[in-house]
Amino acid sequence: MRVSKRPEERREEFLDAAQALFYEQGVEATSIQQIVKRVGVAQGLYYYYFHSKKKLWKP
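Going by my numbering, 161 is the number at position 55 of the sequence shown; the sequence numbering is gapless.
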């Protein structure tokens, strides 16, 4: 059975995954597909929260 997470928890998962991948391989080399794979969700859910990769990364 699939367990739904609160929006704040899911958003944090995306931020944590993105931060780890950005550190490992750089912002430009990290794809949205890699982020959603690490979180384990469909790509559409990512766009529900962030709309673009720029929304995750603030220099």
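Every residue, glycine too, gets a C-beta built ideally from N, C-alpha and C.
Check	Outcome
CB of A123 within 7 Å of CB of V145, strictly	yes
M107 versus S137: straight-line alpha-carbon distance, rounded	Legend: pLDDT at M107 = 48, less than 50; position of this residue unreliable, no value from coordinates given.
Span separating the alpha-carbon of H157 from that of G150	9 Å
Burial state of Y152 (16 or more Cβ within 10 Å)	buried
Boundaries of the alpha helix (DSSP H) in which G150 is found, first to last residue	149 to 155
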